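Chains A and B supply the protein sequences, listed in that same order. Numbering (this note's numbering) for the first sequence: 34 to 335. Numbering (this note's numbering) for the second sequence: 34 to 335.
2 protein chains.
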Amino acid sequence: MLDVCLLGTGGMVPLPNRFLTSLYVRMAGSNVLIDCGEGTQVALRKFGFSSKNIDVILLTHFHGDHILGLPGILMSMANSDRTEPVEIIGPVGLSKYISSLCIACQDLPFEVKLTTIEKDQGEIIKDPYKITYFKLDHRIKCYGYKLSIDRLPLFNKEKAESLNVPMSIWKDLHHGNEVVLDGKKYTPDMVLDGGRTGLSIVYATDTRPVSQIVNMAHDCDLLVLEGMYGDDEKMTNALKYKHMTMLESVNLAKLANPKEFWLTHYSPSEVSPKKNLEKLQEIFPNTKIVKDGHSISINYED
Amino acid sequence: MLDVCLLGTGGMVPLPNRFLTSLYVRMAGSNVLIDCGEGTQVALRKFGFSSKNIDVILLTHFHGDHILGLPGILMSMANSDRTEPVEIIGPVGLSKYISSLCIACQDLPFEVKLTTIEKDQGEIIKDPYKITYFKLDHRIKCYGYKLSIDRLPLFNKEKAESLNVPMSIWKDLHHGNEVVLDGKKYTPDMVLDGGRTGLSIVYATDTRPVSQIVNMAHDCDLLVLEGMYGDDEKMTNALKYKHMTMLESVNLAKLANPKEFWLTHYSPSEVSPKKNLEKLQEIFPNTKIVKDGHSISINYED
C-alpha cells in the first residue's frame with residue numbers, strides 16, 4: 034500500500050489558506066517528502082503527520098518556494114529527539130544550498146545524508162521501492178520524480194508441485210533467481226504465473242511540457258502535475274517563467290493515462306482553481322483540481 | 034498614533050493554529066517588523082497587512098524561530114514589485130546570516146541595508162521615531178527593542194503673544210531651539226507649557242529576567258514579553274534554555290507598570306496559555322495573554 038497526501042497546492046508564495054506544494058508519501062515502511070517550502074512542516078502537522086518520521090526528502094529544484102522550509106523542518110526533527118539519519122536528494126548544488134540555508138541549525142542530533150543528482154535521468158534503489166528522477170524544463174535545473182514499488186509475479190503452486198520443484202527453493206525462484214539443486218537446474222518460469230503490476234506515482238512541477246513526463250507516468254496510479262495557470266491567456270507567463278497551464282498539463286495526462294491525475298502548484302493569482310475543472314475533465318476525465326491535504330491510499334489491484 | 038499587531042504568539046516551532054512570535058508596528062508613516070520566523074509572511078497577509086510596505090526589520094537574535102522567514106518575505110517583497118530599500122537591524126553576525134539564509138533570493142529588485150548592533154545598548158534615530166536596543170540574557174546574543182515617538186511640549190500661544198515673540202520663530206522655539214532675531218534672544222521656555230509624554234512600546238523575548246527590561250518599559254504604553262512557560266514547574270527549563278516563565282515576566286511588568294502588558298512566545302507544550310491569566314492578573318492587572326493577530330491602536334492621551 035502507498036499513502037499519499039498533497040500537503041499544499043500553492044506556488045511562489047505561501048498563503049493563509051494555501052500551503053506551498055509538497056507531497057508526502059508513505060510506502061513500504063518509508064516516509065518520503067517531495068519539496069519543502071516555507072510552512073511545509075506546519076502542513077505536515079495540520080494533516081496529522083510528523084516531521085520526525087521523514088526518511089527521505091526529494092528536492093525538485095532550488096527555487097525558494099520549494100526549499101525554504103528545510104531548516105525549520107530539520108530543527109523540528111531535532112526538537113523531537115530524532116536520531117535516525119535523514120537523506121536529502123536533489124540537483125547539483127545541493128550541498129551548497131543545504132549548508133547555506135541551515136546556518137541556524139546547529140548541532141542536529143542526526144546525520145543529514147546528501148545525495149546529489151547529476152544525470153538527466155536515473156534510479157535510486159531503496160529496496161523494496163525505487164526513486165526514478167528525470168530532468169524537466171524549468172528556468173533552473175529541475176527534476177520530476179517517480180516513486181514505484183515492483184510486485185512479484187503470481188506464484189503458481191500447482192505448477193511448482195506438478196514439476197516436482199522442492200519447496201525449499203520456491204522463494205528464490207519466485208524472486209526471479211535460477212537455482213541448481215542436486216545437479217538439477219530450476220528456473221523461475223517453473224513456478225511463476227505471469228507478471229503483476231506494481232504501484233507507482235509520478236510528480237512533476239515547475240516545467241514546460243516535456244515527453245519525459247508522459248513516458249514516466251504511462252498507466253501509473255497517480256500523476257501529480259503543476260497547474261500554475263488556469264486561464265489560457267496566461268500562456269505568455271507560462272512560457273516566460275517556464276511553467277505549465279492547466280490545459281498543457283491535462284494534455285500530458287491524457288497521453289500518460291494515469292489512474293488518477295491531480296493538479297497543484299497554483300499561482301497566487303488563481304483564487305478559484307476549480308473553476309476550470311469541467312473543461313479539463315472533458316479532455317481527461319480522471320482529472321482532479323485538489324486542495325491542501327488531499328490524500329489517497331493506493332492498493333494493489335487484486 | 035501607533036498601530037501594533039502581534040502576528041504570532043508561538044515559540045520554537047510554528048503550529049497549525051499558532052504563528053511564530055513577531056510584532057508589526059506602524060508608526061509615523063513607517064512600518065516596522067520585529068523578528069520574522071517561518072510563516073510570518075503568511076501571518077502578515079492573514080491579518081490584513083502586506084510585506085511590500087515593510088521599511089525596517091528588527092531581529093532580536095539568530096535562533097531559527099526568529100529568522101527563518103526572512104528569505105521568503107524578501108522574495109515576496111520582490112514579487113510585489115517593491116523597489117524601495119528595506120533595512121534589517123540585528124546583532125553581530127547579521128551580514129553572515131542574511132547572506133547565508135538568502136542563497137535562494139537572487140536579484141532582489143531593491144536594496145537590503147544591514148545595520149549591525151554591536152553595543153549592549155544604544156539608539157537608532159528614525160526621525161520622528163526612535164529605536165532603542167538593549168541586550169538581554171539568552172543562550173546567544175539577543176536584544177530587546179523599544180520603539181518610541183517623542184511628543185512636542187504644549188505650545189502656549191497666550192504666553193508667546195504676551196512676551197511679543199514674533200510668529201515667524203514660534204515653530205523653531207516649539208521644537209526646542211533658541212533664536213536670535215534683530216539682536217534679541219528668544220528661548221523655548223517663552224512659548225512652552227511643559228512637556229508631554231510621547232508613545233512607546235517595549236518588546237523582549239528569549240531572555241532570563243533582566244533589569245534593563247524594567248528600566249526601558251517604565252510607564253510605557255505597551256510591554257510585550259515572552260511567556261514561554263505557564264507552569265511554574267517548568268522553571269528548570271526556563272533556567273536551562275534561558276527563557277522566562279509567565280510568572281517571571283509578570284513580575285517584571287509589575288515593576289515597569291506599562292499601560293498594557295501582553296504575553297507571547299508560548300512553548301508548543303502550552304496548549305492553553307490563558308489558563309494562567311487570573312493568577313497573573315492578581316499580580317499585575319493590565320496583563321493580557323493574547324492570541325495571534327491581537328492588535329491595538331495607541332493614541333496620545335489628550
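Note that CB positions come from ideal geometry on N, CA and C, so glycine has one too. All figures in this text were calculated on a predicted structure; none of them were measured in a lab.
Asked: Distance between A:K85 and A:D36 (C-alpha atoms, nearest Å); Found: 17 Å
Asked: Interfacial residues, the region 178–201 of chain B to chain A, with Cβ spacing under 7 Å; Found: none
Asked: 8 Å Cβ cutoff, B:F357 in contact with chain A; Found: The structure shown does not extend to residue 357 of chain B, since chain B is modelled only from 34 through 335, so no value can be given for it.
Asked: Interfacial residues, the region 254–288 of chain B to chain A, with Cβ spacing under 9 Å; Found: none
Asked: Inter-residue Cα distance where the pair is B:S3 and B:G43; Found: What is shown of chain B runs 34 to 335, which leaves residue 3 of chain B out entirely.
Asked: DSSP state of A:C192 mapped onto helix, strand, coil; Found: Cys is not the amino acid found at residue 192 of chain A; the sequence shown has Lys there. A:K192 falls in the helix class under three-state DSSP.
Asked: Supposed contact pair B:Q139 and B:G102 - C-beta distance, whole angstroms, cut 8 Å; Found: Going by Cβ atoms, the distance from B:G102 to B:Q139 rounds to 18 Å, so no, they are not a contact pair.
Asked: Through-space distance from A:F143 to A:I202, alpha-carbon basis; Found: 41 Å
Asked: Short Cβ contact (8 Å threshold) for B:P221 with B:L232; Found: no
Asked: Supposed contact pair B:V65 and B:D98 - C-beta distance, whole angstroms, cut 8 Å; Found: With a Cβ gap of about 19 Å, B:D98 and B:V65 do not count as contacting.
Asked: Alpha-carbon to alpha-carbon, B:S181 and B:E293; Found: 15 Å
Asked: Minimum Cβ-Cβ distance from A:E71 to chain B less than 8 Å; Found: yes
Asked: Secondary structure of B:Y162, DSSP reduced to three states; Found: strand
Asked: Own chain, CB closer than 8 Å to B:R115, minus 5 neighbours either side, in chain order; Found: K85, P142, F143
Asked: Contact with chain A by B:I136, beta-carbon distance below 8 Å; Found: yes
Asked: Completely contained alpha helix (DSSP H) runs for the region 223–308 of chain A, where each covers 4 or more residues; Found: 244–250, 268–274, 279–289
Asked: Where B:S113 falls: helix, strand or coil (DSSP); Found: coil
Asked: A:S128, buried or exposed, once every other Cβ within 10 Å from all chains shown has been counted against 16; Found: exposed
Asked: Selection from B:D226, B:L288, B:H208, B:V323 that minimises the alpha carbon distance to B:E259; Found: B:V323
Asked: DSSP state of B:N64 mapped onto helix, strand, coil; Found: strand
Asked: Per-residue burial, A:Y236 [other beta carbons within 10 Å of its own, 16 or more giving buried]; Found: buried
Asked: Neighbourhood of B:L307 by C-beta, 6 Å cutoff - its chain only, sequence neighbours within 5 removed; Found: First, the amino acid is wrong: residue 307 of chain B is Lys here, not Leu. So the list reads I322, once near-sequence residues are dropped.
Asked: Option in A:I67, A:T230, A:F80, A:K218 with minimal Cα separation from A:I121; Found: A:I67
Asked: Which of helix, strand or coil DSSP assigns to B:V46; Found: coil
Asked: CB contact check: B:D62 to chain A, cutoff 8 Å; Found: Note that residue 62 of chain B corresponds to Gly in the displayed sequence, not to Asp. No, because no Cβ of chain A sits closer than 8 Å to the Cβ of B:G62.
Asked: Rounded straight-line distance, which links the Cα of A:R78 to that of A:L56; Found: 14 Å
Asked: Whether A:I100 touches B:A137 by CB criterion (8 Å); Found: yes
Asked: Whole-Å CB distance - B:N112 paired with A:V46, under 8 Å assumed; Found: 6 Å
Asked: Test: A:P104 CB closer than 8 Å to a CB of chain B; Found: yes
Asked: Residues of its chain near B:V224, where Cβ-Cβ distance is below 7 Å and the 5 sequence neighbours each way are ignored; Found: F188, N189, K192, A193, V198, W203, L206, H207
Asked: Anticipated Cβ contact below 8 Å, B:L169 with B:Y176, distance rounded; Found: 6 Å
Asked: Residue(s) in a DSSP beta bridge with A:T320; Found: A:F294
Asked: Chain-order list of residues whose beta-carbon lies under 8 Å from that of A:T240 (same chain, five-residue window excluded); Found: L169, D170, H171, C175, G177, I246, E259, K275, H276, M277
Asked: Local Cβ density within 10 Å of A:N309, reported as buried at 16 or more and exposed below that; Found: buried
Asked: Cβ of B:Q314 within 8 Å of any chain A Cβ; Found: no
Asked: is_contact[B:V46, chain A] using C-beta, thresh 8 Å; Found: yes
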